[in-house]
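In what follows, a single structure is set out as structure tokens and then discussed.
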Amino acid sequence: MKQLLLSNWHAMRFIRLAFALFLFFQAFETQEWFLVAFGTFFLIQAIFNTGCGANGCQIPKKKVKDY
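This note's numbering puts the last residue of the sequence shown at 174; the count rises by one with no breaks.
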């Protein structure tokens with residue numbers, strides 16, 4: 108778990124983190140509390156490195172063994 112949180116930080120993770128913090132700040136400033144839900148969504152994506160990458164949302168193909 109520690110390795111998941113502390114490794115493989117790339118530009119998209121930083122962008123998601125920055126956008127989450129921006130949404131939290133805007134929710135506090137404007138008192139539009141539904142923005143906290145969107146901020147939480149992006150924060151979870153940034154912390155756990157989930158979401159679609161540059162290749163899009165696809166399931167990796169399973170390698171077939173030849174017998």
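Think of the CB as a built atom: it goes at the ideal place given N, C-alpha and C, for glycine as much as any other residue.
Rounded to the nearest angstrom, how far is the Cβ of Phe-149 from that of Ala-127, given a contact under 8 Å? 4 Å
Determine the direct distance from the alpha carbon of Arg-120 to that of Phe-135, and round the result to whole angstroms. 23 Å
Rounding to the nearest angstrom, what Cα-Cα distance links Asn-156 and Leu-124 in this structure? 10 Å
For Phe-141, which of helix, strand or coil comes out of DSSP? coil
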